[in-house]
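Engineer: Numbering-wise, full-length UniProt numbering puts 217 at position 217 of the sequence shown, and it's gapless, one number per residue.
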Amino acid sequence: MTQTPDILCIGSVLWDIIGRARLHMRAGSDVPGRIERLPGGVAMNIAMTLTRFGRRPAVLTAIGRDREGEELVRAAELLGIDCSFAYRSEDLPTDSYLAIEGANGLIAAIADAHSLERAGEKILRPLEDGRLGRPGAPWRGPVALDGNLTQALLAEIAASPLFAEADLRVAPASPGKAERLAPLLAHPRATLYLNLEEAGILCQAEFATAAEAAEGLIARGARHVLVTDGGRAAADGAAEPGAGPRVIEAAPPAVLVTRVTGAGDTFMAAHLVAEAAGAPRAEALTQALAAAARYVSGDLAL
C-alpha cells in the first residue's frame, strides 16, 4: 500500500480462534458448535472497523514471518489494512487468541501475545525513523493504542515526544491487563475506553454503573473516558471545561447477541470516527453504541 494512513492502530494483530455454541455453557461443558479462525487482536479489530467507515488504518505490531504470519498479512491487506509498517520477526511466532463463547457470553479466553510483548519498542520504529514521524516532527493524527503492550512500553509512550501531538485512543485488551493503562490515565491527550470491570480495576474501586465509573476515572485525572457495561447504559466522562455535562449516559440498542469478542473494539473505532467527523459527545456515544450492537448481533453493515 502506498497511501499515507490516516490512523495508526498500535498493539495486537493476531489470529482469533473462536468456538461458539448456541447453548448456555459452564466450566466443563462439552457441546456442539462452530470453530473459526479470523484476523483479530485489539488493534486489528479496530482497524477492520475503521476500514468499514472508509478510513485507511495502518497497524504497528509484531507479526511473525511464519506461515500464519504471511496468511495474516494477506488477509489484513485484502481488508484494506496497511501492514507495511509492522515489525516482521524471523524468530517470533505470530500471536493468537483462543476464546469459547456460549449463549450466555464469553466463557473463557486465552491471549497469547508474547511475541508482541517481546518485540517491545521495535514496533514503534516507524514513528522515529521518518516513515511516519521523527523527533521534532511527531505523528499528528489519531492513534488507537491497546493494552496488550507491556506496562513499561505504555509508560514510555505516555512520556514520549513521539506521541506529543497524537490524539491517543486507549483501551485495555482485557480486564486482566487494565492496570497496564495506569501511566496513561492522566495523559492530557488520551481518551480511555473501558468496560465497567476494567474501570474498577484501574481505579481500584467498585462501581455500580458506567456513569459512576466515569466520575471515578475523571476524579483520578482522566481527561476523557468512555465506559461501557454490556447491555446497560454506557457513559462518556469529560473533564475539560466547555465540554458540556461532566458525565452523559446512553443505553445501547436491544439486540440478540450472537458474538461478543471484538465488540468493545468496534465501539471504540466507531466512536473515534464519529468524533473525527465532528459529532457532539452525545451523538458520538449513540453512534458507537449502535455500531457495537450491530456487531454483536452479527450485522456488519455500518
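Beta carbons: idealized from backbone N, C-alpha and C, even for Gly.
Nearest CA to the CA of alanine 238: which residue from Leu285, Arg37, Gln151?
Structural biologist: Closest by alpha carbon: Leu285.
Engineer: By DSSP's criteria, valine 39 is part of a beta bridge. Which residues make up the other side?
Structural biologist: Note that residue 39 is proline in the sequence shown here, rather than valine. Proline 39 is bridged by DSSP to Trp15.
Engineer: Is it the case that the Cβ atoms of alanine 166 and leucine 272 are separated by a distance below 8 Å?
Structural biologist: no
Engineer: So, do the segment 44-52 and the segment 21-31 have three or more beta carbon pairs nearer to each other than 8 Å?
Structural biologist: no
Engineer: How far does the alpha helix (DSSP H) with threonine 286 in it extend, from its first residue to its last?
Structural biologist: 281-296 is the extent of the alpha helix (DSSP H) around threonine 286.
Engineer: Within 10 Å of its beta-carbon, does glutamine 287 have 16 or more other beta-carbons around it, so buried, or fewer, so exposed?
Structural biologist: Glutamine 287 should be labelled buried.
Engineer: Between the segment 1-10 and the segment 109-122, do three or more beta carbon pairs fall short of 8 Å?
Structural biologist: no
Engineer: Compute the beta-carbon to beta-carbon distance between methionine 268 and isoleucine 18, rounded to the nearest angstrom, for a pair I have assumed lies under 8 Å.
Structural biologist: Between the beta-carbon of methionine 268 and that of isoleucine 18 there is about 19 Å, and that puts the pair past the 8 Å contact cut.
Engineer: Sort Gly231, Glu215, Arg232 by Cα distance to valine 225 and report the nearest one.
Structural biologist: Scanning Gly231, Glu215, Arg232 for the CA closest to the CA of valine 225 turns up Glu215.
Engineer: Less than 8 Å between the beta carbons of serine 12 and alanine 113, yes or no?
Structural biologist: Result yes, Cβ atoms of serine 12 and alanine 113 sit closer than 8 Å.
Engineer: Of the residues Thr228, Thr191, Leu168, which one's Cα is nearest the Cα of proline 142?
Structural biologist: Leu168
Engineer: Would you kindly report the start and end of the unbroken beta strand (DSSP E) that includes histidine 271?
Structural biologist: It is not in any beta strand (DSSP E) - histidine 271 instead sits in the alpha helix (DSSP H) that spans 263-276.
Engineer: Thinking C-alpha only, which one of Arg67, Asp91, Thr94, Ala58 is nearest glycine 79?
Structural biologist: The sequence shown places leucine at residue 79, not glycine. Measuring from the Cα of leucine 79, the nearest candidate turns out to be Ala58.
Engineer: The beta strand (DSSP E) that contains leucine 217, what's its start and end?
Structural biologist: Element bounds for leucine 217: not the beta strand (DSSP E) but the alpha helix (DSSP H), 210-219.
Engineer: Indicate the three-state DSSP secondary structure (helix, strand or coil) for proline 5 in the structure shown.
Structural biologist: coil
Engineer: I need the straight-line Cα distance from arginine 74 to leucine 14, nearest angstrom please.
Structural biologist: 12 Å
Engineer: If glycine 264 and asparagine 195 are in contact, beta carbons under 8 Å, what's the gap, nearest whole angstrom?
Structural biologist: 6 Å
Engineer: Could you tell me if histidine 24 is buried or exposed, where buried requires 16 or more neighbouring beta carbons within 10 angstroms of its beta carbon?
Structural biologist: exposed
Engineer: Could you tell me how far apart the beta carbons of glutamine 151 and arginine 180 are, in whole angstroms, since I believe they sit closer than 8 Å?
Structural biologist: 4 Å
Engineer: Using DSSP bridges, identify the partner residues of threonine 191.
Structural biologist: Arg169, His224
Engineer: Give the secondary structure of leucine 23 by DSSP, where H, G and I count as helix, E and B as strand, and everything else as coil.
Structural biologist: coil
Engineer: First and last residue of the beta strand (DSSP E) that includes arginine 88?
Structural biologist: 87-89
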